[in-house]
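One structure is given here, and the rest of the page talks about it.
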Amino acid sequence: MGIFGLFAAAAALILLLSYGLLQYSSLASTLPAVDDLREKAAQFETTRIYDRAGNVLYEILDPQAGRRTYVPLDQISPAMIAAVLATEDSQFYSHAGFDPLAIGRAIWQNLRSGETVSGASTITQQIARNLLFTPEERSQRTAVRKIREILLAAEVNRRYTKEDILELYMNQVYFGNLAYGVEAAAQTYFGTTAGALTLPQASFLAGLIQAPAVYDIFTNREAALERHRQVLTLMVLTSQDQGCIAVRTAADPVCVTPEEGGAAIAQIETYPFQPADIQIRYPHWVNYIRTQLEQLFDPQTIYRSGFDVYTTLDPQLQDLAQTLVTQQVTAL
Numbered sequence: 041m042g043i044f045g046l047f048a049a050a051a052a053l054i055l056l057l058s059y060g061l062l063q064y065s066s067l068a069s070t071l072p073a074v075d076d077l078r079e080k081a082a083q084f085e086t087t088r089i090y091d092r093a094g095n096v097l098y099e100i101l102d103p104q105a106g107r108r109t110y111v112p113l114d115q116i117s118p119a120m121i122a123a124v125l126a127t128e129d130s131q132f133y134s135h136a137g138f139d140p141l142a143i144g145r146a147i148w149q150n151l152r153s154g155e156t157v158s159g160a161s162t163i164t165q166q167i168a169r170n171l172l173f174t175p176e177e178r179s180q181r182t183a184v185r186k187i188r189e190i191l192l193a194a195e196v197n198r199r200y201t202k203e204d205i206l207e208l209y210m211n212q213v214y215f216g217n218l219a220y221g222v223e224a225a226a227q228t229y230f231g232t233t234a235g236a237l238t239l240p241q242a243s244f245l246a247g248l249i250q251a252p253a254v255y256d257i258f259t260n261r262e263a264a265l266e267r268h269r270q271v272l273t274l275m276v277l278t279s280q281d282q283g284c285i286a287v288r289t290a291a292d293p294v295c296v297t298p299e300e301g302g303a304a305i306a307q308i309e310t311y312p313f314q315p316a317d318i319q320i321r322y323p324h325w326v327n328y329i330r331t332q333l334e335q336l337f338d339p340q341t342i343y344r345s346g347f348d349v350y351t352t353l354d355p356q357l358q359d360l361a362q363t364l365v366t367q368q369v370t371a372l
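Numbering-wise (the working numbering), the sequence shown opens with residue 41 and increments by one.
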């Protein structure tokens, strides 16, 4: 390559870097402020599901109307923290708010499948998306939104400690059945506190975060149990890969062996879950709609954004159908 070629290559590199810096500056200037994340975490709007006539079938309630109790990170079971880290973000303590390797792996998986099958969002990215984006932006699946999410996560990581971020996440995430945050989830599903959660209980709860309606133990038991097995597999693999799972609020790391994982699976499979006393009109239809929503949007977006969801259900026809089925079953 001659002098002219070197000059052309250098000029092209400078232009490329300049364009990148310009795009970065443009995106960075439009990012929301990351101040007062805890205050933003308490801001929810109710999502409502309607029948075809516009009558409310169900409200996905504001957490203040549901169940929510904020607890400090050091009052959360190390097993629960380890389960969430292994499931949602195994490199949480080491990355700068985003995981470049996970992002690269997700891009490769998405290119191979021809669709978005992995988002590679860290816990910090989830915080940034759920607390700082508008409902409209949260629902977008574009490269620009992902870049903005990464930039915000990096800023959150710079401004807050890892413990602050993890504590906020554990207290604002939705676990299904009106349980917002880990303390409410512990009480709702197991009648205990966040600090007393055992490995079987903690690993079960960690699995709900990805899709609370899909993994609802009361309406989709097999899917919920399969998800629990996946979480324990991740905990065992992370324990092996990292020499146990580091939890900074605990004196010792959490180690999960295959034998302990198997015992935890068996305990949850026989656990007598008691459904919460939640009044829902046409519960099977409502849960079906919630499952469909979670296939379209990030679940935390659904439970925070105040959507109005109109469905095709006709109450009169549905009541008539249920009456006829009940009569026929009785006759048989």
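Glycine included, C-beta positions come from ideal geometry on N, C-alpha and C.
As the structure is a computational prediction, the values presented were derived from the model and not from experiment.
Which of the three DSSP states, helix, strand or coil, is assigned to residue i?
i, result
"Thr370", "helix"
"Val349", "strand"
"Arg88", "strand"
"Leu71", "coil"
"Tyr209", "helix"
"Leu61", "In this predicted model, Leu61 has a pLDDT of only 49, less than 50, meaning its place in the structure is not dependable enough to derive any value."
"Pro323", "helix"
"Ile116", "coil"
"Asp1", "Only positions 41 to 372 of the chain appear in this structure, which leaves residue 1 out of reach."
"Gly301", "helix"
"Thr278", "helix"
"Ala160", "coil"
"Gly144", "helix"
"Arg330", "helix"
"Gln180", "coil"
"Thr341", "helix"
"Gln335", "helix"
"Asp102", "Low local confidence applies: a pLDDT of 48 at Asp102 is under 50, so the model's placement there is unreliable, and no value is given."
"Pro175", "helix"
"Thr310", "coil"
"Thr127", "helix"
"Val365", "helix"
"Asp354", "coil"
"Asp139", "coil"
"Asp204", "helix"
Could you tell me which residues DSSP puts in a beta bridge with residue i?
i, result
"Tyr214", "Tyr220"
"Val294", "Ile285"
"Val96", "Tyr90"
Does the beta-carbon distance from residue i to residue j come in below 8 Å?
i, j, result
"Ala246", "Arg330", "no"
"Leu206", "Ile121", "yes"
"Phe313", "Tyr229", "yes"
"Arg88", "Thr351", "no"
"Ala240", "Val276", "Here residue 240 is Pro; the residue named in the question, Ala, does not match the sequence. Going by C-beta atoms, Pro240 is not nearer than 8 Å to Val276."
"Thr259", "Asn170", "no"
"Ala224", "Thr109", "yes"
"Gln115", "Ala234", "yes"
"Ala193", "Thr164", "yes"
"Ala242", "Ser134", "no"
"Val111", "Asn211", "yes"
"Ile308", "Glu128", "no"
"Ala160", "Arg145", "yes"
"Lys186", "Phe132", "no"
"Arg267", "Tyr255", "yes"
"Leu237", "Ala119", "yes"
If I'm right that residue i touches residue j with Cβ under 8 Å, what's the distance once you round it to whole angstroms?
i, j, result
"Asp348", "Tyr90", "7 Å"
"Gly137", "Asn197", "3 Å"
"Val294", "Val287", "6 Å"
"Thr289", "Leu77", "19 Å between Cβ atoms; not a contact."
"Leu336", "Ala304", "32 Å between Cβ atoms; not a contact."
"Ala126", "Leu274", "5 Å"
"Leu71", "Leu208", "At roughly 18 Å, the Cβ-Cβ gap does not stay under 8 Å, so Leu71 and Leu208 are not in contact."
"Glu334", "Ala251", "5 Å"
So with Cβ pairs under 8 Å, would you call residue i a contact of chain E?
i, result
"Val96", "Here chain E cannot be found, since the structure has a single protein chain."
Unbroken alpha helix (DSSP H) runs of length 4 or more, entirely within the region 226–270: which are they? Look at the region 226–270 and you find these whole runs of alpha helix (DSSP H), each 4 residues long or longer: 239–248.
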